[in-house]
Structure formats: structure tokens, C-alpha cells
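A.B. asks: Take a look at the following structure, please.
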Amino acid sequence: MKFVLFKKSLEEGAAPIYLFEGEEEYFKVRGEEMLREKFVAEPSLDSAAYEGADMKGAAMTALVAAAQSFPFMSPKRLVKVTDFYPTEKEYAAYLKSYFEDPQPSTVLLIVNSAPAKGKGFDLKKAPNVTFVDCCRADEETVMRWIYTRFKREQIYADTEVCERVMRYCLADMSRVAGEAEKLIAFAGRGGKLTPEDVDEIVYRDTDYKIYEMTGAISVGNYTKYASVMAELKAKGADEMNLLNGLCSYFRTLFEIAALKKSDADTAAMLGMKEYAVKMSRRQASAFTPIRLKKCYAFLNDAINGVKRGVLTPEGALLRANADIFFDLKPNNRT
């Protein structure tokens, strides 16, 4: 099931075994919190936690023994194991009997970052396992979460406010949740939020600031570019941080434009968030492929100049900025 359905499912009680799988940490942390809030009254007595790396071979008997124990002062006992990837042989030898007949007063929570690979057993296929998809949420889900969170506090926030929160946090739910709480504290129950409030309160990811700088490059707005660059420097970024960040970003834009794949396929191939791919694709369309490649080359040349000792970091950034905005040829440089 998708995570948005998980909370509602708890109204009917807990499943005996949950598999939380995906890269979105917020969903995994929040899901565990929901289980504890509803079923575990005394965590020190009625919960146990294990690392999957320690659960090899016969060591899995300790996990099973913990799951078979009864709770002392809570409705349920919660046994959690993180990054747990048993082989098919291990599953058959140590886990199969428990999964087929789990302890009804225990919730076994398996929290994995990714699906099993190679000879790993696919726990989704095991009996009595409820799979909760903790992959990155899509744009619509994040927007709905933000709107609902504000509404619960009786705070008025229109679509533009919610969208800015999402964009500034690059749709990362952990960051979205944290920034939403800051805005709630700012507005107060029954208050109102404006786009300007979001601009003032929400910290924009460094990646988002690179996105803003690149957007300024696409329209030739050096004033905006320099303003964001100054903001990053004030936050501690030096010239090499800026050069490396911009160079990496332009390389990514060029790769996304060249791949011509769907957002989901591109995200998987480049190891990115799908929403970040969507934003990057939108931005890449403002450049010609030739200009994307040239901007990447200008930045890469500047970085290499520092590595060879022919440029200082300050000089390299100045040269890259001049090349990017004025497309200087080497023989036109002074």
C-alpha cells in the first residue's frame, strides 16, 4: 500500500508484519511513530530493535525469539529490524515458520531502504507481510500533505504557498515536514500564510539555490545570479563549492536532455529524485543542447585550471562567470 493509506489502515488494527521499503526517510520514521503511538505504551519493556547486518544465519533466531515474546504493559510488542535482507535459504531455515504463523500480540517491523538483490529473498512474497511503499512521494501527494497539515491547524494557505514550500524543499518530505512546522509556529493557529512568508521563513536547499542560479543564467539575469551566489557565500560556500555545484548541475541537465527518457526512468538511471528530474528537465528546456554543453565545459575548464595551479579559485569563478554570461572565446580573454 502507499504510505498515505497506512494511517487509515491502523484504524482497523495492526498487521502482524510490516515491510517499509523505499528511500523516503520521513515515511519510514513517521510510520514507526504511528505504530508506537497507537500500540506501544511502555517502549522500554515492549520494543526491541535489531540491525539487519547482524542478522546472519543462526543469529536470526534472536529476532524470532524477540517477536515471539509477549508484551508486558502495551497492547502490542514492537520488534524492528533495519536493512534486513535474508537469503532464500535463511528465510526457509529460520523465518518461514514465524511468517506463516506470527505472534498476534507482536508487530514485526522490517525497515529497508531498497528491495532485495541477487540471492536475497523477496519479503513482499512472504505470508502475512503488509508492504508499505516508502518511495519518494509524487508532486500531488506532497502538495496535498502540505495543504492538509496547514488545514489541520486552521491556517489559510493557498496553492502558491504550498507549491513554494514543496519547490524550496525539492519535495523531500523530511524537509517539507520540518519547514511546515516552522511556518505553523510563525502563523499561529487560525493564521494565514503568504508566499512572502514562505520566502522569509523556509530555508531553500543549496540544490535549489543552484537551480535559481541556473535559471538566472538561462535568461541572462546576472543580477539575480550574483545575488544568489552572494547568499550562498554568506552561508559558508566558497568559490570551489560554487564551481563544483554548478558544474555538476549543468552536467546533469545535459544528461537529462540527452537521455530522452521518462522522469521515473531518468531518476532511476541518475540516482535522483523524480521531482528533481522534473524540475531539471523544465530548466534544461530553456537552453539549447549546445549551450548546456558549453556552460558545463566553461565550468569544468575553470575547475581544472585551479587543479593545475594556473588559476586561483577566485579567478576561476570570475572567468567561468564571464564565459557563461558573455560566451568569451579563449583568444578574447584578457
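Residue 9 in the UniProt record's numbering sits at position 9 of the sequence shown, with consecutive numbering throughout. Note that CB positions come from ideal geometry on N, CA and C, so glycine has one too.
Assign LEU45 to buried or exposed, taking buried as 16 or more other Cβ atoms, counted over all protein chains shown, within 10 Å of its Cβ.
C.D. replies: For this step, residue 45 is matched to residue 45 along the sequence shown. Looking at its Cβ environment, which holds fewer than 16 other Cβ atoms inside 10 Å, LEU45 is exposed.
A.B. asks: Measuring CB to CB, does VAL202 end up less than 7 Å from MET213?
C.D. replies: For this step, residue 202 is matched to residue 202 along the sequence shown. For this step, residue 213 is matched to residue 213 along the sequence shown. Not in contact: VAL202 and MET213 (Cβ atoms no closer than 7 Å).
A.B. asks: Quick one: complete alpha helix (DSSP H) runs, 4+ long, within the segment 203-231?
C.D. replies: Complete alpha helix (DSSP H) runs here, min 4: 206-218.
A.B. asks: Three-state secondary structure (DSSP) at TYR26?
C.D. replies: Here residue 26 refers to the residue found at position 26 when the sequence shown is read from its first residue. In this structure, TYR26 counts as helix in the three-state DSSP scheme.
A.B. asks: What are the partner residues of SER47, as DSSP defines its beta bridges?
C.D. replies: Working through the sequence shown from its first residue, we reach residue 47 at position 47. Looking at the DSSP assignment, SER47 forms a beta bridge with LEU78.
A.B. asks: Would you be able to state if there are at least three C-beta pairs under 8 Å between the segment 28-43 and the segment 59-67?
C.D. replies: Judged by Cβ distances under 8 Å, the segment 59-67 makes no contact with the segment 28-43, as fewer than three pairs qualify.
A.B. asks: Within 10 angstroms of its Cβ, does LYS329 collect 16 or more other Cβ (buried), or is it exposed?
C.D. replies: Here residue 329 refers to the residue found at position 329 when the sequence shown is read from its first residue. Per-residue confidence for LYS329 stands at a pLDDT of 48, beneath the threshold of 50, marking its modelled position as unreliable; the derived number appears in the next sentence. Exposed, because fewer than 16 other Cβ atoms sit within 10 Å of the Cβ of LYS329.
A.B. asks: Can you tell me which of the three DSSP states LYS192 falls into?
C.D. replies: On the sequence shown, residue 192 is found 192 positions in, with the first residue counted as 1. Strand at LYS192.
A.B. asks: With DSSP run on the structure shown, which of helix, strand or coil describes ASP327?
C.D. replies: Stepping through the sequence shown from its first residue, residue 327 is reached at position 327. Correct three-state label for ASP327: coil.
A.B. asks: Would DSSP call GLU21 helix, strand or coil?
C.D. replies: Taking the first residue of the sequence shown as position 1, residue 21 is located at position 21. It is a strand residue.
A.B. asks: Just verifying my parser: in three-state terms, what is the DSSP assignment at ILE303?
C.D. replies: Start at 1 with the first residue of the sequence shown, and residue 303 comes out as number 303. Looking at ILE303 - three-state DSSP - the assignment turns out to be helix.
A.B. asks: DSSP puts VAL107 in a beta bridge; with which residues?
C.D. replies: Stepping through the sequence shown from its first residue, residue 107 is reached at position 107. DSSP output for VAL107 lists LEU78 as bridge partner(s).
A.B. asks: For a test of the three-state rule: what should DSSP assign to TYR156, helix, strand or coil?
C.D. replies: Start at 1 with the first residue of the sequence shown, and residue 156 comes out as number 156. DSSP places TYR156 in strand when its eight states are reduced to three.
A.B. asks: Considering only residues of the same chain and omitting the five flanking positions on each side of SER105, which have a CB-CB separation below 7 Å?
C.D. replies: In the sequence shown, the residue the question calls residue 105 occupies position 105. The residues are PHE70, PRO71, LYS76 and ARG77.
A.B. asks: Does the separation of the CB atoms of VAL142 and MET166 fall below 7 Å?
C.D. replies: As a position in the sequence shown, residue 142 is number 142, starting the count at 1. As a position in the sequence shown, residue 166 is number 166, starting the count at 1. Cβ atoms of VAL142 and MET166: closer than 7 Å.
A.B. asks: In whole angstroms, what separates the C-alpha of VAL176 from that of ALA264?
C.D. replies: Numbered from 1 along the sequence shown, position 176 holds the residue referred to as residue 176. Numbered from 1 along the sequence shown, position 264 holds the residue referred to as residue 264. Rounded to whole angstroms, VAL176 to ALA264 spans 21 Å at the Cα level.
A.B. asks: Hey, could you find the ends of the alpha helix (DSSP H) ASP133 is sitting in?
C.D. replies: Counting from one through the sequence shown, the residue named residue 133 turns up at place 133. Looking at the DSSP string, ASP133 is not in any alpha helix (DSSP H); the run it does join, the beta strand (DSSP E), is 129-133.
A.B. asks: Indicate whether PHE254 and LYS209 have their beta-carbon atoms separated by less than 7 Å.
C.D. replies: Taking the sequence shown and counting its residues from 1, the one referred to as residue 254 is at position 254. Taking the sequence shown and counting its residues from 1, the one referred to as residue 209 is at position 209. Taking 7 Å as the Cβ cut-off, PHE254 and LYS209 do not qualify as a contacting pair.
A.B. asks: Taking SER280 and ILE256 to be in contact with their CB atoms under 8 Å, please state how far apart those CB atoms are, rounded to whole angstroms.
C.D. replies: As a first step, residue 280 is located in the sequence shown; it is residue number 280 there, counting from the start. As a first step, residue 256 is located in the sequence shown; it is residue number 256 there, counting from the start. 5 Å between Cβ atoms; contact.
A.B. asks: Please determine, among PRO289, THR252, PHE27 and GLY118, the residue with the shortest C-alpha to C-alpha distance to LYS89.
C.D. replies: Here residue 89 refers to the residue found at position 89 when the sequence shown is read from its first residue. Out of PRO289, THR252, PHE27 and GLY118, GLY118 has the C-alpha closest to the C-alpha of LYS89.
A.B. asks: Do the segment 130-144 and the segment 2-12 make contact, defined as three or more Cβ pairs closer than 8 Å?
C.D. replies: Judged by Cβ distances under 8 Å, the segment 130-144 makes contact with the segment 2-12, as three or more pairs qualify.
A.B. asks: Please classify PHE326 as buried or exposed, where buried requires at least 16 neighbouring CB atoms within 10 angstroms.
C.D. replies: In the sequence shown, counting from the first residue as 1, residue 326 sits at position 326. Looking at its Cβ environment, which holds fewer than 16 other Cβ atoms inside 10 Å, PHE326 is exposed.
A.B. asks: Here's a check: name, in chain order, each residue in its chain whose Cβ is nearer than 8 Å to the Cβ of GLU179, leaving out the five neighbours to either side.
C.D. replies: The sequence position of residue 179 within the sequence shown is 179, counting from 1. So the qualifying residues of the chain are VAL165, TYR168, CYS169, ILE201, VAL202 and TYR203.
A.B. asks: ALA171 and TYR275: beta carbons closer than 7 Å?
C.D. replies: Indexing the sequence shown from 1 puts residue 171 at position 171. Indexing the sequence shown from 1 puts residue 275 at position 275. In this structure, TYR275 lies closer than 7 Å to ALA171 by Cβ.
A.B. asks: Cα separation between PHE84 and ALA41?
C.D. replies: Counting from one through the sequence shown, the residue named residue 84 turns up at place 84. Counting from one through the sequence shown, the residue named residue 41 turns up at place 41. Spanning the two alpha carbons is a distance of roughly 26 Å.
A.B. asks: Is the separation between the beta-carbon of GLN68 and that of GLN103 shorter than 7 Å?
C.D. replies: Along the sequence shown, one-based indexing puts residue 68 at 68. Along the sequence shown, one-based indexing puts residue 103 at 103. Yes, they are a contact pair.
A.B. asks: Looking at the secondary structure, which residues open and close the alpha helix (DSSP H) in which THR85 lies?
C.D. replies: Within the sequence shown, numbered from 1, the residue matching residue 85 stands at position 85. Checking the sequence shown, residue 85 turns out to be Tyr, not Thr. No alpha helix (DSSP H) holds TYR85; DSSP gives it neither H nor E.
A.B. asks: Of the residues GLU23, VAL79 and ALA320, which one's Cα is nearest the Cα of ARG15?
C.D. replies: As a position in the sequence shown, residue 15 is number 15, starting the count at 1. Note that residue 15 corresponds to Ala in the displayed sequence, not to Arg. Here the closest residue by C-alpha is VAL79.
A.B. asks: Please name the residue in ILE324, CYS162 and ASP101 whose C-alpha comes closest to that of ARG149.
C.D. replies: Position 149 of the sequence shown, counted from the first residue, corresponds to residue 149. Of the candidates ILE324, CYS162 and ASP101, the one whose C-alpha sits nearest the C-alpha of ARG149 is CYS162.
A.B. asks: Going by other Cβ atoms of all chains shown within 10 Å of its Cβ, with 16 needed for buried, is ARG189 buried or exposed?
C.D. replies: Within the sequence shown, numbered from 1, the residue matching residue 189 stands at position 189. The residue is exposed, with fewer than 16 neighbouring Cβ atoms inside 10 Å.
A.B. asks: Rank ASP323, LEU19 and LYS38 by C-alpha distance to the C-alpha of GLY13 and give the top, closest one.
C.D. replies: Here residue 13 corresponds to residue number 13 of the sequence shown, with the count starting at 1. With distances taken between Cα atoms, GLY13 lies closest to LYS38.
A.B. asks: GLY57: buried (16+ other C-beta within 10 angstroms of its C-beta) or exposed?
C.D. replies: Taking the sequence shown and counting its residues from 1, one reaches residue 57 at position 57. That one is exposed.
A.B. asks: Would DSSP call LYS2 helix, strand or coil?
C.D. replies: Sequence index remark: in the sequence shown, residue 2 carries index 2 (1-based). If DSSP states are grouped into helix, strand and coil, LYS2 belongs with the strands.
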